[in-house]
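Worksheet: one structure, shown below.
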Amino acid sequence: SQQGEEDPQALSIQEGENATMNCSYKTSINNLQWYRQNSGRGLVHLILIRSNEREKHSGRLRVTLDTSKKSSSLLITASRAADTASYFCAMDQTGANNLFFGTGTRLTVIP
Amino acid sequence: IAGITQAPTSQILAAGRRMTLRCTQDMRHNAMYWYRQDLGLGLRLIHYSNTAGTTGKGEVPDGYSVSRANTDDFPLTLASAVPSQTSVYFCASRKGVRGQANTGELFFGEGSRLTVL
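From first to last, the protein sequence lines stand for chains A and B.
With this note's numbering applied, the first sequence covers 120 to 230.
With this note's numbering applied, the second sequence covers 104 to 220.
Written out as structure tokens, the structure reads:
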């Protein structure tokens, strides 16, 4: 069964705009991570936010976490064509020692 | 260059055949994982290993087996392939701490695309 859901499934924006992706999950977590996947490639880690953190920044990335709502969001500011990829949230589930992935958001940035 | 190597990159296989997907990492990570990725379903965990000598079942383990004889290698075997095992398979690892819960980021290989006819 899926441990996480992402919204929207697909997002298309103009270069320079901001992109927001949302993730909802079902269980308690140690941390939540976001990954990026270019077409036909492996996933690459972007950012990790711990369960006791509410917001984290890394370059043009901003991640929020609301453990009471079991949700997270990833904001990419000032998007570039090179940001075109699929983005996945992943839940590091308490007691499970494994990462469970969401279904992903396909982002297209139009030059 | 340090990282994870998967082989083969791509394979077409007849149903009923046995197939082993290879995964090797040179980062001395304790934990290793096998995922399959299918359109609309995201990544699903097949099997994992928290440390050499131990393995565990993930969400979709049926039809697959793994072994972890040493730290570096984590092969995935399909004993008798079926068409529903057509997928892209990703191996991943993370550092972890021996004997403790594994947390932290995953490092992924480039994937093995398997087609079972």
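Built from N, CA and C at the ideal position, the CB exists for glycine as well.
Check                                                                                                                           : Outcome
Segment contact, 8 Å Cβ cut-off, at least three pairs: the segment 175 to 186 of chain A with the segment 117 to 129 of chain B : no
Residue(s) in a DSSP beta bridge with Leu209/B                                                                                  : According to DSSP, Leu209/B bridges with nothing at all.
Contacting residues, own chain, Cβ-Cβ under 7 Å from Ser168/B (five flanking each side not counted)                             : Thr180 and Ala182
Three-way DSSP call (helix, strand, coil) for Thr188/B in this model                                                            : Just to set this straight, residue 188/B is Gln in the shown sequence, not Thr. Helix.
For Asp185/A, three-class secondary structure by DSSP                                                                           : strand
Selected residue, minimal CA-CA separation from Gly135/A, among Ala197/A, Gly223/A and Ala209/A                                 : Ala197/A
First through last residue of the beta strand (DSSP E) which encompasses Ser143/A                                               : Ala138 to Tyr144
Minimum C-alpha distance to Tyr136/B - residue among Phe210/B, Asn173/B, Leu144/B and Ala184/B                                  : Phe210/B
Per-residue burial, Ser177/A [other beta carbons within 10 Å of its own, 16 or more giving buried]                              : exposed
Opposing strand residues paired with Asp176/B [DSSP bridges]                                                                    : Thr127/B
Under the three-state DSSP convention, the category Ala200/A falls into                                                         : helix
Residues within the segment 140 to 167 of chain B neighbouring chain A, beta-carbon criterion of under 9 Å                      : Gln140, Gly143, Leu144, Gly145, Leu146, Arg147, Leu148, Tyr151, Asn153, Gly159, Gly161 and Glu162
Neighbourhood of Leu162/A by C-beta distance below 8 Å, restricted to the same chain and skipping five residues each side       : Tyr154, Arg155, Gln156 and Phe207
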